[in-house]
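Residue numbers (UniProt numbering): 1 to 534.
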Amino acid sequence: MKAVLLCRVSSREQEETGYSLPAQEKLLKGYAEKLVFGVTKIFSISESASGRKQREIFSSMTEYVKKNNIKIIICEKVDRLTRNFKDAVMIDEWLEEDEERQVHLVKDSLILHKNSRSQDKLNWGVRIIFAKNYIDNLSEEVKKGQKEKLSQGWLPCRPLPGYKTVGERGHKTHVQDEITAPLISRFLEQYSEGDCSVKKLADLMFEAGLRSSTGGRIYKSRVHQILKDPFYIGKIRWNGEIYQGKHEPLISQEIFDKIQLVLAGKNTPKINRHMFLFKQLLKCAECKGTVTWEIHKNIIYGHCNHYRNCSQKKWTREDVIENQLLTGFEGLQLKNSHIAEWLKKALKESHQDATEYETSSLKELQIRLAQVEKRLDRLYDDKLDEKITKAFYDQKFRQYTQEKADIVAAIEKHTKAKNNHFDLGINLYELSQRAKEIYLRAKECHLLEEQRRLINLVFTNMTLTQGVLAYEYSKAFKLIHNAVLETNGSKVANLAKNGAKIFEPNELPDKSTQKGSLRPSRPTWLPSHDSNVD
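In structure tokens, the structure reads:
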């Protein structure tokens with residue numbers, strides 16, 4: 001008579017050691033040989049598999065025995081065959097359909113069939129109840145352990161891509177993976193800019209070598225989940241609740257908020273059939289309409305769309321306009337090294353007020369943070385002393401924890417802004433001197449978006465008149481351009497060559513009481529050569 005064997009691993013440890021499954025198979029095969037049963041198939045259920053996967057294997061076994069007219073199911077014990085009432089009912093129904101069908105439970109010394117004695121059926125039912133109780137108790141202990149882990153600030157399962165697990169069993173924590181963390185951070189920031197779709201991001205992650213925990217591709221649906229998960233800003237979402245994590249955030253709250261806006265469609269990138277270099281960047285100088293771009297015989301032309309009355313008829317090639325733009329980049333390059341050093345200092349000092357504001361804000365936030373932490377400590381003490389109810393404690397704990405998280409996020413934002421203000425001047429100067437080089441390199445690498453970003457950063461109010469490009473420099477670069485106009489002349493260059501201190505003010509007598517103190521302001525970088533000085 002034909003039979004199938006069902007083996008189930010009772011714990012992860014047994015599965016990892018490789019003991020339980022082979023031992024069960026050996027026992028059940030020996031039992032089948034003793035009763036002269038022909039084993040046609042062996043079904044194995046792993047405890048580490050999900051509940052859904054376990055049910056799928058059990059269902060596939062019942063379908064297999066029905067389809068192939070198998071009369072015998074052999075298992076080690078009741079709790080290895082079924083651990084819930086639903087599966088037990090399926091077994092009972094299968095037995096009731098045919099008198100020849102049997103279930104052999106080897107270690108329980110129990111053989112079930114349609115005409116089993118009431119005592120055997122009672123034995124079967126009691127063992128199912130105990131097996132169900134074992135699973136319920138195990139589930140309760142797991143949930144208790146997960147809750148404790150969350151209270152400590154750690155995710156009670158495998159972390160998201162970009163992090164890895166370290167530590168011994170029972171004391172495992174999550175830290176940033178030195179290989180994948182920079183990649184995930186870069187892709188999250190890229191998506192926050194609204195330049196790519198979720199599908200494109202999934203493709204980019206695959207091309208960069210990022211894989212799932214099982215070594216497979218990270219699909220679009222999983223990428224969507226990753227983008228919505230607050231784990232990357234130091235928080236843990238578990239069963240609909242948010243907990244403050246102790247792991248190091250990968251991105252800032254600001255970037256995370258931008259990502260949510262893009263996902264919500266409030267900053268969704270527009271997909272264009274053709275992306276032109278100057279698309280939406282140029283306006284007609286006469287009618288202020290946006291310049292339209294078209295391709296004719298593989299050449300890109302720009303022209304006024306004539307939606308308003310306009311006399312501009314000329315179509316101008318894109319490369320002709322681009323060459324005029326390169327001259328604008330050259331207009332930012334300083335030739336005098338002495339002036340360059342002074343300008344760096346001036347640009348830094350121009351952001352001093354903003355830096356002082358951020359410093360003041362940080363001090364205030366640190367005071368607020370200390371106050372909230374004291375409240376949390378007092379709240380915990382009141383709970384231990386039973387001065388407050390658990391419901392009140394939970395309510396206030398959530399309130400203070402959220403307030404603390406908001407303050408910490410604000411501190412990070414102001415700290416970053418303070419550092420950015422301090423370095424902004426020097427970074428803008430260095431960018432201005434290499435703007436043309438960076439632009440041409442991006443063009444060589446076909447990085448159209450990088451070219452457009454640089455144009456947007458440096459120039460503003462770009463207009464076209466009969467093929468002639470006109471533009472203004474943005475506020476930061478206008479200061480640099482003005483310095484170039486004042487210092488790149490031959491007269492200034494010769495003075496600098498002869499050692500004249502053209503960027504240091506002379507010591508002048510105090511004339512605050514004289515009429516001349518109301519004279520017009522003069523360029524700060526050439527005080528000793530201002531024609532307005534008395």
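For glycine and all other residues, C-beta sits at the position ideal for the given N, C-alpha and C.
In the DSSP assignment, find the beta strand (DSSP E) that holds residue i and state where it starts and stops.
| i | result |
| --- | --- |
| F43 | G38 to I45 |
| I388 | No beta strand (DSSP E) holds I388; DSSP gives it neither H nor E. |
| V175 | T173 to Q176 |
| L110 | L110 to L112 |
| V4 | K2 to R8 |
| H104 | Q102 to L105 |
| T292 | V291 to H296 |
| S472 | For the sequence presented, residue 472 should be read as Glu rather than Ser. Where E472 is concerned, the enclosing beta strand (DSSP E) stretches over V468 to Y473. |
| E450 | Here E450 belongs to no beta strand (DSSP E); instead the alpha helix (DSSP H) covers L448 to V458. |
| R237 | K235 to W238 |
| I218 | I218 -> no beta strand (DSSP E), and no H or E assigned at all. |
Assuming residue i is part of the alpha helix (DSSP H), what are its boundary residues?
| i | result |
| --- | --- |
| F256 | Q253 to L263 |
| W94 | F85 to E96 |
| M205 | V198 to E207 |
| G145 | S118 to S151 |
| L282 | Note, L282: premise wrong, no alpha helix (DSSP H); not H, not E. |
| K29 | S20 to K34 |
| R169 | No alpha helix (DSSP H) holds R169; DSSP gives it neither H nor E. |
| G328 | E318 to E330 |
| I184 | A181 to S192 |
| D79 | V78 to L81 |
Taking its Cβ as the centre, do 16 or more other Cβ atoms sit within 10 Å of residue i, making it buried, or is it exposed?
| i | result |
| --- | --- |
| T214 | exposed |
| P249 | buried |
| M61 | buried |
| V166 | exposed |
| F503 | Below a pLDDT of 50, predicted positions are generally treated as unreliable, and F503, at 43, falls in that range; the measurement from the model is reported next regardless. So F503 ends up on the buried side. |
| R52 | exposed |
| G30 | exposed |
| V126 | exposed |
| M1 | exposed |
| Y429 | buried |
| V291 | buried |
| A476 | buried |
| A208 | exposed |
| residue 587 | Because the chain in this structure spans residues 1 to 534, residue 587 falls outside the shown range and cannot be described. |
| L325 | buried |
| I73 | buried |
| C75 | buried |
| K26 | exposed |
| R8 | buried |
| V492 | Unreliable positioning characterises V492 in this predicted model, as indicated by a pLDDT of 47, which lies under 50. The coordinate reading is nonetheless provided below. Buried is the call here. |
| Q399 | exposed |
| C304 | buried |
| S20 | buried |
| P159 | buried |
| K436 | buried |
| L6 | buried |
| S432 | buried |
| K313 | exposed |
Could you say which of the options lies nearest to residue i if we only look at CA atoms?
| i | options | result |
| --- | --- | --- |
| F37 | L440, Q102, R378 and L95 | Q102 |
| G302 | D108, K288, I321 and I218 | I321 |
| F392 | L454, L379 and Y473 | L379 |
| G162 | E168, R186, G145 and K172 | R186 |
| L369 | M1, Q402, R158 and L384 | Q402 |
| L282 | L464, A88, A3 and V65 | L464 |
| D257 | E140, N309 and G194 | G194 |
| T180 | S197, R158 and R211 | R211 |
| C310 | K383, Q466, N456 and N123 | Q466 |
| A405 | H113, K143, I233 and V65 | I233 |
| S151 | N461, I242 and T389 | I242 |
| N68 | I111, V4 and I91 | V4 |
| D203 | R217, Q176 and D136 | R217 |
| L362 | K396, T415 and V372 | T415 |
| L235 | N123, G153 and E140 | The residue you asked about is not Leu; residue 235 is Lys in the sequence shown. Looking at the Cα atoms, G153 is the closest of the given residues. |
| M275 | Q451, K387, D381 and S109 | Q451 |
| K86 | K66, K114, S109 and R55 | R55 |
| N456 | Y439, V468, E444 and C445 | Y439 |
For the stretch 244–263 against the stretch 216–233, are there 3 or more C-beta pairs whose distance is under 8 Å?
-> A contact exists between the stretch 244–263 and the stretch 216–233.
For the stretch 284–295 against the stretch 322–337, are there 3 or more C-beta pairs whose distance is under 8 Å?
-> Touching, no, given that fewer than three Cβ pairs across the two stretches are closer than 8 Å.
Are at least three pairs of beta-carbons, each pair with one atom in the stretch 26–45 and one in the stretch 85–99, less than 8 Å apart?
-> The stretch 26–45 makes no contact with the stretch 85–99; the number of CB pairs closer than 8 Å stays below 3.
Should the stretch 81–88 be regarded as contacting the stretch 127–134, the criterion being three or more beta carbon pairs within less than 8 Å?
-> The stretch 81–88, when compared against the stretch 127–134, does touch it at the 8 Å Cβ threshold.
Are the stretch 237–253 and the stretch 404–415 touching, with three or more C-beta to C-beta distances below 8 Å?
-> Here the stretch 237–253 makes contact with the stretch 404–415; the two share three or more CB pairs at distances below 8 Å.
Do the stretch 228–243 and the stretch 196–204 make contact, defined as three or more Cβ pairs closer than 8 Å?
-> Between the stretch 228–243 and the stretch 196–204, the count of C-beta pairs closer than 8 Å stays below three; the two stretches do not touch.
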